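*Asks:* To start, I am sharing the structure in question, which I have written as structure tokens.
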Amino acid sequence: MPDGRTTVATPETGQNKSLLATTVLVGTAGFAAAEVTISGSARMGITNAYDTTNDANKTQFSSRARVNFAASGETDGGLSFGASFRADNAGDANSGTAGTVSLSGAFGSISMGDNDSAALTTVGQVDGVGFTGNGDLNEIIFLGEADTSALYTYTMGDLTIAASMGQIDGDTNYTGNAKQAASVAASYKMGNYRFSAAIERGDKAVYSFSDRADAYATDPEDTYAERNDLTSQVTLGADATFGALVLKGRVAMGSGEAYNGLPDEPNGYKTTGTQVAVSATYTMDALSVTAFGAHAKVAYDYYGTDWGMESTRYGVGASYDLGGGAKAQAGLSRLSHDALNDDGDWSDTKMDAGLTFAF
Amino acid sequence: MPDGRTTVATPETGQNKSLLATTVLVGTAGFAAAEVTISGSARMGITNAYDTTNDANKTQFSSRARVNFAASGETDGGLSFGASFRADNAGDANSGTAGTVSLSGAFGSISMGDNDSAALTTVGQVDGVGFTGNGDLNEIIFLGEADTSALYTYTMGDLTIAASMGQIDGDTNYTGNAKQAASVAASYKMGNYRFSAAIERGDKAVYSFSDRADAYATDPEDTYAERNDLTSQVTLGADATFGALVLKGRVAMGSGEAYNGLPDEPNGYKTTGTQVAVSATYTMDALSVTAFGAHAKVAYDYYGTDWGMESTRYGVGASYDLGGGAKAQAGLSRLSHDALNDDGDWSDTKMDAGLTFAF
Amino acid sequence: MPDGRTTVATPETGQNKSLLATTVLVGTAGFAAAEVTISGSARMGITNAYDTTNDANKTQFSSRARVNFAASGETDGGLSFGASFRADNAGDANSGTAGTVSLSGAFGSISMGDNDSAALTTVGQVDGVGFTGNGDLNEIIFLGEADTSALYTYTMGDLTIAASMGQIDGDTNYTGNAKQAASVAASYKMGNYRFSAAIERGDKAVYSFSDRADAYATDPEDTYAERNDLTSQVTLGADATFGALVLKGRVAMGSGEAYNGLPDEPNGYKTTGTQVAVSATYTMDALSVTAFGAHAKVAYDYYGTDWGMESTRYGVGASYDLGGGAKAQAGLSRLSHDALNDDGDWSDTKMDAGLTFAF
């Protein structure tokens, strides 16, 4: 090895079936243990979507394949460092808006890039259904943050705390202020229970909200509308395991100022938003079944009139573990959107059935 | 290995020169044998193109480098699953329009994503020339299909059958109908012979045809024009090996309805298209030489006048195997385009010389 | 291994901490030793930029993660071939405008793709500062070349020579000529000294110059403005190592024809450009400190008036090696732009502090 490079052994015995995972070691002369790990995931199946607004019923083939790079190393002083991003996000990872770069040690872990906020990381979501997620209607909306963001986490036994901050001096928002968001969160495990809480605070119209801003949206993902107007939110979570049954619940309460969809016409009226989501997953050997329910409501005063909208969602699904990283999964989810004082109600139903693979 | 991860051995012996291929094992705790394999290809050389339409003679450096990910695993029940895509297609692979995801077992193999159609997969093309392909003028045009598509293949000894279907409920075409395409195909090996046949059927103006729609195209790839009007095609193939000589032939006969290039003015006239391609490749040790010839003709009635166009193509090339995955390759191909009842004739000549590498 | 594939050994001993680097072997039956190596880099930290033009002071999180593929093989005749590109450049690597493909042997090495020119490859730059480079103000501007380019290098003991050429018959430039650039260069090592020289020659307005064309640019990178008008440049470099101290110096002298920013109004006046850059880096164990200074001046006759602009840049920085591929780095750089006969002067200051990781 005159050039300082070492090469992977390749014995004739072939693949060791008992392996759980393998790491690809790479590096440069002088590095003790830097490495890049490659993993992947894929899925294939059929999806169906029906929405009442367009009276459209659409069935499609659906497939997806991904590869993830995870690089890690250790300083002489024992700090761990690493980076992780998906191949399809390599361009954004290069500019700091996808994947993450991290440093961790006794002080905890700090990560930069496309982090989930402290709130989302810590509280998380209740269980979803289907091989595609069927619109992820189980999810509550967090305020989010602009990338490049920073996330700090620290674990002391059963307690984990986290704090995050979106990009400093980011692009300005509707009203000319820099978009800025921050959150703090904590979770605590008590035997079979896990409790979590988070506070998020953002500037008016943080970008990640305005993506989904239209109160009269016809896309289910836009249902918790006017949430772009929410500038603070408190989220609570509780998970409980009773033998084969796992229950999860989330509640979020937010407040802010309404814009009525017109960026340059803030009306100053207070907006309030509440979200609830619960799920139950029961596992029998290789089979697990999941059901979830969720509700979101936004209320505000629209030139003297009580206004707002609410969505009610539920879903049921099953997953069967085929072993080796493969699962068969099917799910159905439904969303009903009710615009208060308005006839813009609609509903959307999604179904899927397919296979998911982890490599 | 407290975290369930195992690491690649790195003996001091270095690289084993007798290795044929190596697999990178990755995965997650609980997977028996999921793995991601990395391979690559590259090429470098000089190309020259001359077309009479622009009287343009252009010489250029040409290089290309690719990496491919191939992930695979096996369920407890013995089914194989996998995914494959190129690094440069990672984004499309994530949305199901590049690469493929597959499941295979005793029932055959089903694949979703950016499949070749059953017709193309089974019948295939005659041999081409050059390190770049020189415009792939050896290829006949198949009707194609929109992705995410599904492909099923099954092999019984010397017989292979295949069926494929383009995306269900895809985007609508010119006339407002959903684009839809399907094909069935079979191949049979008899000693040194291989015979194949395929039937394709598509909606009017399936997108993959209209890419090459213009009857008066100046790009050689557009020569088999008005093939966007072809809605069904039958393709036959025969391969024969006589010692060092391999002969291949393909015939395709299609029919459809002409549009005259105006999407909203179908004239209802019947279009017929015929294609023929033949190749001969002779191998002497490391050297192989290839020649091909091809012809395509589209005919239709244009407001009472017989109309159409035809192309005649040929090519010659040589490839020298340098060992280790490297080849030196050079080729020349020429296309003559003859627009019936029109003076829009032109021809195009492409030459290249370079190296191809497989990793 | 009936399919000719060999698999990586995965012993129970886990990761060997003394490893310096590892190679992922891949390939196809029949290849002796083709392989793809994966490596990566990442960085995270804080940046600050202040420019007088906008009186804007901006502080931001900054992170980046990259993965690189390096493929290599060897022909039966002992020639080495390879390809290299970053995951985020996979698309451009597929079209020959990112990464490189190369062949090397006793004749030297020839590379195609997104090469640095012979001048840049051979002379290189003086040392920069900071974990992000802080605008790379240490760098002198080379004329550059359009890709797909070709680069030839040959080393005889202490002497290295190089020649490069941009894409042949590339896109046309402002005046309708094909953009074309070429350079030749040589470097010679004499004990602790290294000397280098390069000559570049390009068509008028080679694209890589016009990117930075505006004489009144407010971006520091545009300071050596009107360099789009430079069509030839001679560059000299000298490096010297005195124990822990490394000194580097670069001088470039260019000439061309001024365009005044209007592509279709060449005024025919001669432009001259001079650049100087020097750096000193002193290393004490894990710590190294760097300072650089640079100056660039462009002068031309603007309708009878002496015109031009100059920039003065300097920077200071420190880097601390944390081991394992990690470094802590901080830097400050400043640019002052002086437009001769004009009041468009401005300055820009950049600072950063962060960590860099190599995997």
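Chains as they are written, first to last, in full-length UniProt numbering: chain A, 1 to 359; chain B, 1 to 359; chain C, 1 to 359. By construction, the Cβ of each residue, glycine as well, lies at the ideal position given by its N, Cα and C atoms. These numbers were taken from a predicted model, which means no experiment stands behind them.
Among C/T231, C/D116, C/G308 and C/A294, which has the Cα closest to the Cα of C/L335?
*Replies:* For the purposes of this step, residue 335 of chain C is taken as the residue at position 335 of the third sequence. Ranking the options by Cα distance to C/L335, first place goes to C/A294.
*Asks:* Starting from A/V123 and walking both ways along the beta strand (DSSP E), at which residues does that stretch end?
*Replies:* Residue 123 of chain A sits at position 123 when you count from the first residue of the first sequence. Premise fails: A/V123 lies in the alpha helix (DSSP H), A118 to V123, not in any beta strand (DSSP E).
*Asks:* What whole-angstrom Cβ distance do C/A34 and C/A118 have, given they're in contact under 8 Å?
*Replies:* Sequence index remark: in the third sequence, residue 34 of chain C carries index 34 (1-based). Sequence index remark: in the third sequence, residue 118 of chain C carries index 118 (1-based). Rounded, the Cβ-Cβ distance is 28 Å, inconsistent with contact.
*Asks:* Does C/A277 come out as helix, strand or coil in the three-state DSSP assignment?
*Replies:* On the third sequence, position 277 is the one that residue 277 of chain C refers to. In this structure, C/A277 counts as strand in the three-state DSSP scheme.
*Asks:* In angstroms, rounded to a whole number, what distance separates the CA positions of C/S196 and C/S187?
*Replies:* Indexing the third sequence from 1 puts residue 196 of chain C at position 196. Indexing the third sequence from 1 puts residue 187 of chain C at position 187. Cα to Cα, the separation comes out at about 4 Å.
*Asks:* Given C/G325, which residues of its chain have a CB within under 7 Å of its CB, disregarding the five upstream and five downstream residues?
*Replies:* For the purposes of this step, residue 325 of chain C is identified with residue 325 of the third sequence, where counting begins at 1. Closer than 7 Å at the Cβ level, and outside the excluded window around C/G325, lie F357, A358 and F359.
*Asks:* Can you pull the chain B residues whose beta carbon is under 8 Å from the beta carbon of C/E200, in chain order?
*Replies:* On the third sequence, position 200 is the one that residue 200 of chain C refers to. Residues of chain B passing the Cβ test: none, with the nearest at roughly 18 Å.
*Asks:* With 16 as the cutoff for other CB atoms within 10 Å, does B/K350 come out buried or exposed?
*Replies:* Walking along the second sequence from the start, residue 350 of chain B turns up at place 350. Answer is buried; the Cβ neighbour count reaches 16.
*Asks:* According to the neighbour-count rule (16 or more other Cβ atoms, all chains shown, within 10 Å of its Cβ), is A/D239 buried or exposed?
*Replies:* Here residue 239 of chain A is taken as the residue at index 239 of the first sequence, counted from 1. Buried: at least 16 other Cβ atoms inside 10 Å.
*Asks:* Tell me which same chain residues have a C-beta within less than 6 Å of the C-beta of C/R201, skipping the five on either side of it?
*Replies:* Against the third sequence, residue 201 of chain C aligns to sequence position 201. Cβ neighbours of C/R201 beyond the five flanking positions: A182 and S232.
*Asks:* Anything in the region 131–165 of chain A with a Cβ closer than 9 Å to a Cβ of chain C? List those residues in chain order, please.
*Replies:* D147, T148, S149, A150 and M165
*Asks:* Whole angstroms is fine: what's the gap from A/G78's alpha carbon to A/G315's?
*Replies:* One-based indexing of the first sequence puts residue 78 of chain A at position 78. One-based indexing of the first sequence puts residue 315 of chain A at position 315. Rounded to the nearest angstrom, the two C-alpha atoms are 46 Å apart.
*Asks:* List the residues of chain A that B/Q180 touches, going by C-beta distances under 7 Å, in chain order.
*Replies:* Stepping through the second sequence from its first residue, residue 180 of chain B is reached at position 180. What B/Q180 touches in chain A: nothing, since even the nearest Cβ is about 12 Å away.
*Asks:* Give the straight-line distance between the Cα atoms of A/R64 and A/G130, rounded to the nearest whole angstrom.
*Replies:* Here residue 64 of chain A corresponds to residue number 64 of the first sequence, with the count starting at 1. Here residue 130 of chain A corresponds to residue number 130 of the first sequence, with the count starting at 1. Approximately 14 Å, taken between the alpha carbons.
*Asks:* Return no unless some Cβ of chain B is closer than 7 Å to the Cβ of C/T73.
*Replies:* For this step, residue 73 of chain C is matched to residue 73 along the third sequence. This sequence places Gly at residue 73 of chain C; Thr is not what is there. Chain B, which has a Cβ nearer than 7 Å to the Cβ of C/G73, makes this yes.
*Asks:* Skipping 5 residues on each side, what residues in its chain have a beta carbon closer than 6 Å to that of B/A162?
*Replies:* In the second sequence, residue 162 of chain B corresponds to position 162, counting from 1. Taken in chain order, the residues that qualify are A118, T121, T122, T153 and A185.
*Asks:* Comparing the C-beta of B/L322 with each C-beta of chain C, is any distance below 7 Å?
*Replies:* Position 322 of the second sequence, counted from the start, is the residue given in the question as residue 322 of chain B. So, interface residue.
*Asks:* Which residues of chain A have a Cβ atom closer than 8 Å to the Cβ of B/Q167, listed in chain order?
*Replies:* As a working mapping, residue 167 of chain B is identified with position 167 in the second sequence. Those are Q60 and F61, listed as they occur along chain A.
*Asks:* Using 10 angstroms around the beta-carbon of B/A215, count the other beta-carbons present and answer buried if the total reaches 16, otherwise exposed.
*Replies:* Counting from 1 along the second sequence, the entry for residue 215 of chain B is found at position 215. The pLDDT assigned to B/A215 is 34, lower than 50, so where the model puts this residue is not dependable, and the model offers no usable value.
*Asks:* Under a Cβ-count criterion, where at least 16 other Cβ atoms within 10 Å of its own Cβ denotes burial, should B/F61 be classed as buried or exposed?
*Replies:* As a working note, residue 61 of chain B is residue 61 in the second sequence. By the 16-neighbour rule on beta-carbons within 10 angstroms, B/F61 is buried.
*Asks:* Assign A/L245 to one of two classes, buried (16 or more other C-beta atoms within 10 Å of its C-beta) or exposed (fewer than that).
*Replies:* Along the first sequence, read from residue 1 onward, the residue named residue 245 of chain A stands at position 245. Result: exposed.
*Asks:* Just how far apart, CA to CA, sit C/Y320 and C/A286?
*Replies:* The count along the third sequence starts at 1 and reaches residue 320 of chain C at position 320. The count along the third sequence starts at 1 and reaches residue 286 of chain C at position 286. C-alpha separation (whole angstroms): 5 Å.
*Asks:* Measure from the C-beta of C/D127 to each C-beta in chain A and report whether the shortest distance is under 7 Å.
*Replies:* Position 127 of the third sequence holds residue 127 of chain C. Not a single CB atom of chain A sits nearer than 7 Å to the CB of C/D127.
*Asks:* Excluding five sequence neighbours on each side, which residues of the same chain lie with their C-beta closer than 6 Å to the C-beta of C/N57?
*Replies:* Numbered from its first residue, the third sequence carries residue 57 of chain C at position 57. Correct list, in chain order: Y50.
*Asks:* List, in order along the chain, the chain B residues whose C-beta lies closer than 7 Å to that of C/G96?
*Replies:* Locating residue 96 of chain C in the third sequence gives position 96, where the first residue counts as 1. Residues of chain B passing the Cβ test: S62, S63 and R64.
*Asks:* If we cut at 7 Å on Cβ distances, does A/M44 have a partner in chain B?
*Replies:* Here residue 44 of chain A corresponds to residue number 44 of the first sequence, with the count starting at 1. So yes, A/M44 belongs to the interface.
*Asks:* Cα separation between A/F69 and B/A146?
*Replies:* As a position in the first sequence, residue 69 of chain A is number 69, starting the count at 1. As a position in the second sequence, residue 146 of chain B is number 146, starting the count at 1. So the two alpha carbons sit approximately 30 Å from each other.
*Asks:* In angstroms, rounded to a whole number, what distance separates the CA positions of A/G249 and B/S80?
*Replies:* Start at 1 with the first residue of the first sequence, and residue 249 of chain A comes out as number 249. Start at 1 with the first residue of the second sequence, and residue 80 of chain B comes out as number 80. So the two alpha carbons sit approximately 37 Å from each other.
*Asks:* CB A/F85 to CB A/G99, shorter than 7 Å?
*Replies:* The residue labelled residue 85 of chain A in the question sits at position 85 within the first sequence. The residue labelled residue 99 of chain A in the question sits at position 99 within the first sequence. Cβ atoms of A/F85 and A/G99: closer than 7 Å.
*Asks:* Jot down the residue ranges of each uninterrupted beta strand (DSSP E) in the region 293–341 of chain C, minimum 3 residues, whole runs only, in chain order.
*Replies:* 305–323 and 326–340
*Asks:* DSSP puts B/D239 in a beta bridge; with which residues?
*Replies:* Stepping through the second sequence from its first residue, residue 239 of chain B is reached at position 239. Partner(s): B/R194 and B/K248.
*Asks:* On the CB-based measure, 16 or more other CB atoms within 10 Å of its CB, does C/V26 come out buried or exposed?
*Replies:* Translated into positions along the third sequence, residue 26 of chain C becomes position 26. Low confidence applies to C/V26: its pLDDT is 40, below 50, so where it sits in the model is not reliable, and the reading given next is rough at best. Per the 10 Å Cβ criterion, buried.
*Asks:* Closest by CA to B/L230, which one among B/G273, B/Y282 and B/F242?
*Replies:* As a first step, residue 230 of chain B must be located in the second sequence, where it is residue number 230. Here the closest residue by C-alpha is B/G273.
*Asks:* For a contact meaning CB atoms closer than 7 Å, what does B/M112 contact in chain A?
*Replies:* Walking along the second sequence from the start, residue 112 of chain B turns up at place 112. What B/M112 touches in chain A: M44, F61 and S63.
*Asks:* For C/N137, which residues of its own chain have a beta-carbon under 7 Å away from its beta-carbon, when the five flanking residues on both sides are left out?
*Replies:* In the third sequence, residue 137 of chain C corresponds to position 137, counting from 1. According to the sequence displayed, residue 137 of chain C carries Leu and not Asn. Cβ contact annotation for C/L137 (same chain, cutoff 7 Å, sequence separation greater than five): P220, A294, R313, G315, S333 and L335, in chain order.
*Asks:* In this structure, what does DSSP give as the bridge partners for C/T132?
*Replies:* Your numbering for residue 132 of chain C matches position 132 in the third sequence. Bridge partners of C/T132: none, in fact.
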